[in-house]
Amino acid sequence: MQKDFILITLADDDEDDRMFFTDAFDELKINTVVNTVNDGVALMNFLNDPENVLPNIIFLDLNMPLKSGIECLKEIKADAKFNDIVIAIYSTSSSEEDIENTFVLGANIYIKKPNHFEKLKEVLSEVVTLNWQYITSGLNKDNFLLRM
Amino acid sequence: MKLFLKTDTQLLIKKILEEKLDVFNVKYNLVNTNEILFLETIDTVTYENITSVLNEYGFQIIENQKNIIVQKIKESIIEMIFNEEAPAVKSSVYLAEKLDHSYGYLSNLFSEVTYTSIENFIIIQKIEYVKKLITHHSLTLTEIAFKLNYSSVAHLSSQFKNTTGITPSAFQRIIKKRSEITNQNIN
Amino acid sequence: MFKSKLFDSIGFIRALFLIAFFILIFLASITYRHIKELDKISDSIINTYETSIELGQLISHIKDAETGHRGYIITKDSIYLEPFFDARKNINNSFQTLYNTVKKDPKKQERLKRIYDLVDKRFSYFKNRFSSTKEFNDDFHDGKLVMDSLRTEINSMLNTENKILNSKGKLYRYNNSNTPLIIFSTFLISIFILGLGYLRITKNYKDLVNQNIRLKIFDESSKQAEILGKYGSWLLNLQDKTFNYSNNQFRLLGCEPQSFYPTFENLLDHVHPDDKEILVHAFQQIEATENFPLIHYRIIKKDTLAIHHFRTTAKIFVDRLGNKNMIGTTQDITEDFNKSQLIELRNKELEQNNKELTEFNHVASHDLQEPLRKIQTFISRIEQKEKDTLSETAKGYFEKILEASNRMRILIDDLLQYSRTNRSEKTFELTNLNTTASNAITELSENIAEKKAHINFEKLHKVQGIPFQLEQLFINIIGNSLKYSKPDEPAVVTITSKKIKASKAPKLKDNSKKEYIKITFKDNGLGFEQEYAEKIFLLFNRLHGKKEFPGTGVGLAICKKIVENHKGYIFAKGKPNEGAIFEIYLPV
């Protein structure tokens, strides 16, 4: 791996989901550093803070108070310094049009929150691996679209 | 105003390497875009500096033999997929021949280093090529299926969907809508 | 058309009378001439007779003279000379008369002169004394000769007169016979023409009477219609700006019929103050453009002081004399207005209700997912982490919990999908069903591969529709066919489409000229009893228990909803063990 670890940030207002997420990565044998934030405003603050290292991948819940996932998505895509970050929408079920819309707005990945812990591990592993492929093989990140 | 570019990556790499290496005042030979032959010994500091400069531009120095082979496997696969004239041979045969190792050995080595299988890598690359053809060349799915030796459009569609989770037509739609938005933002 | 016919009739009648008139004049002039002719002829005949008689008299007188003379000569008695002298007197009289009769004819006058000379000559031979017997004999002989000539002359004159008499007589008889015929036939013709005229007039009169009756009836029914329909009509003479109201127009305003002279000003008096401007503007338009717009305004009824809603429109009408009139109709739409207000209100309420229900459905389904997911995930965590500490029973129970929650999840997913088919924006796009079908197949590719199924479709039409929903429709129906496929036979689904006229599809019960695209899905699965053909589209309705086939009974209900969103129809046909056919009609 290029770096020693992959930096991952999760923005989700649900405590349990945050727990599932971090537990899953703990059990996966990939070198990751995961940090979580509780809502959209916290996320943007985190990203805009020059002291912080930007994550490789952001997992973004859609239904958050204060600032929704869609708003964050738009803000992140609008800022050139976040161009290298892969954005994964991590949400409960949405309609087909809404899912497609997140891709159109610039998301790379859409993950429907699984209802089984093992499945969650599989999904996260797949995401990280594929992302790694993109980085190492110099593939076009703009075409990185994945739906799970 | 829009400018459409076509890039000669080889020339690009060469120029950057030359530009960057010249700074260090060491004698070298660019064997090709993958190989630099230094014609004199380099001390550790310079080596580290060169390494960091090259890293800045995305050049990774392949540390060891294994990595080299894996890199070669990747390159061969990419060449096989992106080369339109290549005859349709089984990838295992092709790679074994090209790299002069047994396919089993290559396969194990690849998985060890990259944590994915060759087959998986091939599929990913193929799908990437499909995406490229869709976005930049506006080919129809039938044309793409033919070009990449899929047995049918349905086969292509299902492999696309299995890999990315969305259908090729959905992908087309998304790319189109994205470009419409960027055009709107420019205007 | 009726007008012109009548008009022509007048012309026709006029012509007839003119012709009859001229014929009568013609007739009169002929008769006049004729009588004059006859007059002339009879004059001529009388003349001839007179002449003949006088000539006869003449000869008689001359013979008297001769006889007298001869008597005297024989007897020498002067008593015989009396007729002689009388005769001479008479002869002169006769000549006098004759001269009158032949006055006009120079030839006759000549002849008469000759006769007069001859008579004179004869009388010259009436001597009383003769010197010798020879002189006497010569005298007598000459006298006889003169007498002969005289007789001849007189005879020829008589002949002439006879001839004249004959010819004139013939002429007279000819005229006499022709004249009555001509007169009579001309008389008949004019009688005939007059008769025609009479018939025509009578007919026109009858027509007019009928028209009049009809107009009266029409007028009466119009009055009643006005009362029933709550409208009134008015006439505005654009030349002198005077109004004419129908009886009901007065009643609409709350006044007695014909109780005042209607003018624009007193019309405005009835209008609601806020709406006066509308009328003023509309009537101004008449001045400018000769057009009256359809206007809606309120009036305050004079008798009840209630506010009523009126609708008025009018049209220009130019009569035959070139006068411009405006014929207008005013309707009291207060009832309708109030009703439609009510309906609008109710509609809004219903729409609001519907929206709320849909939102509720959506939110409920959506929000139910999350706790369910937690349940399932935590259970899976327990199963995993506490694998070793859990008893077999506990594990079994957790299995059941997971199964139940899975079913719940599927149900929520389906309900969510159902609510979504209502919520989406109804923007229609031209959709190629071939693309829709291939997308659906790709979505179901795992399932298809698993069941080793074949989905065939070809040359499907393009329709106006919501692409996502149409895709869902295809997915649900094909999915359904896959689910209920025969276990030992790979599923085959065939999709076809064709354009069809509404009239050719009796199921639709639509007789309009609309055209539909009919999409047919045929499978070779387990089929169903035809009696359930309509039930299967009901929400939560299932034909099998959940143990036999998984499912929530929502899938086909979603299909029906989608088809309804597109204003189409869906039907199912099935035979147990012979597969099912789904027919979808979408309007072109």
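Protein chains in written order, with this note's numbering: chain L, 37 to 184; chain S, 15 to 201; chain V, 842 to 1429.
Ideal placement from N, C-alpha and C gives every residue a C-beta, glycine not left out.
| Check | Outcome |
| --- | --- |
| With DSSP collapsed to three states, give me the class of V:Q1182. | helix |
| If you draw a straight line from the C-alpha of V:S1142 to the C-alpha of V:L1109, how long is it? | Here residue 1142 of chain V turns out to be Lys, not Ser, going by the sequence shown. About 12 Å. |
| Does the CB of S:A110 have a neighbour CB from chain V at under 8 Å? | no |
| Kindly list, in the order they appear in chain S, the residues whose Cβ is closer than 8 Å to that of L:T165. | Y129, T130 |
| In the structure shown, what three-state DSSP assignment does L:M37 receive? | For L:M37, the predicted structure reports a pLDDT of 34, less than 50, and the residue's modelled location is therefore unreliable. The matter cannot be settled from this model. |
| Closer than 8 Å is the cut-off here; do at least three beta carbon pairs connect the segment 1032-1050 of chain V with the segment 1135-1151 of chain V? | no |
| Looking at C-alpha atoms only, which residue of L:F56, L:I94, L:N71, L:D48 is the closest neighbour of L:N167? | L:I94 |
| State the Cα-Cα distance for the pair L:M37 and L:E111, rounded to the nearest angstrom. | Only weak support is given to the placement of L:M37: the predicted model assigns it a pLDDT of 34, under 50, and the question is left unresolved by the model. |
| With a threshold of 6 Å on Cβ separation, who are the neighbours of L:N92 within its own chain once the five nearest residues in sequence on each side are excluded? | I42, L43 |
| Suppose you measure from the CA of V:V1204 to the CA of V:Q1371; what does that come to, to the nearest Å? | 36 Å |
| Of all Cβ atoms in chain S, is any one closer than 8 Å to the Cβ of V:S1322? | no |
| Specify the secondary structure class of V:P1021 as computed by DSSP and reduced to three states. | helix |
| Please list, in chain order, all residues of the same chain as L:K39 whose beta carbon is under 6 Å from its beta carbon, the five residues on each side excluded. | Caution applies to L:K39, whose pLDDT of 47 falls short of 50 and renders its modelled position unreliable; the value that the coordinates give is listed next. So the list is empty, once near-sequence residues are dropped. |
| Can you tell me which of the three DSSP states V:P1134 falls into? | strand |
| Between S:A159 and chain V, is any beta-carbon pair separated by less than 8 Å? | no |
| Between the alpha carbons of V:G1070 and V:N1188, how many angstroms are there, rounded? | 27 Å |
| Would you check if the segment 1409-1416 of chain V and the segment 1369-1385 of chain V touch, i.e. whether three or more CB-CB distances between them fall below 8 Å? | yes |
| Identify which residue in V:I1358, V:K881, V:D1254, V:I903 has its Cα closest to the Cα of V:Y1013. | V:K881 |
| Under 8 Å Cβ to Cβ from L:V89, same chain only, skipping five residues before and after it: list those, please. | L43 |
| Name, going along the chain, the residues of the segment 1399-1421 of chain V whose beta-carbon falls closer than 7 Å to a beta-carbon of chain L. | none |
| Under 8 Å between C-beta atoms, does L:E136 make it to chain S? | yes |
| What residue range does the alpha helix (DSSP H) around L:Q169 cover? | 153-172 |
| Going along the chain, which unbroken runs of the alpha helix (DSSP H) with 4 or more residues stay wholly within the segment 898-945 of chain V? | 922-942 |
| Per the DSSP calculation, L:F72 is bridged to which residue(s)? | Looking at the sequence itself, residue 72 of chain L is Thr, so the reference to Phe does not match. L:L46, per the DSSP bridge assignment. |
| Roughly how many angstroms lie between the CA atoms of V:M842 and V:E1118, to the nearest whole one? | Reliability of the predicted coordinates at V:M842 is poor, the pLDDT of 49 falling under 50, and no value is obtained from them. |
| If we cut at 8 Å on Cβ distances, does V:R1248 have a partner in chain L? | no |
| Within 10 Å of its beta-carbon, does V:H1111 have 16 or more other beta-carbons around it, so buried, or fewer, so exposed? | buried |
| Determine whether the beta carbon atoms of L:K157 and L:L46 lie at a separation below 8 Å. | no |
| What are the residues of the segment 1276-1288 of chain V that lie near chain S, defined by any Cβ-Cβ distance shorter than 9 Å? | T1276, S1279, N1280, I1282, T1283, E1284, S1286, E1287 |
| Could you check whether the Cβ of S:T156 sits closer than 8 Å to any Cβ belonging to chain V? | no |
| Return no unless some Cβ of chain L is closer than 8 Å to the Cβ of V:T1145. | no |
| Is the CB of S:T181 under 8 Å away from at least one CB in chain V? | yes |
| Compare the C-beta of L:R183 against all C-beta atoms of chain S and say whether one is closer than 8 Å. | yes |
| Residue range of the beta strand (DSSP E) that S:I95 falls in? | Here S:I95 belongs to no beta strand (DSSP E); instead the alpha helix (DSSP H) covers 79-96. |
| Can you name the residues of chain V whose CB is closer than 8 Å to the CB of L:T128? | H1207, Q1210, E1211, R1214 |
| Considering V:T1171, what are the terminal residues of the beta strand (DSSP E) in which it resides? | 1165-1173 |
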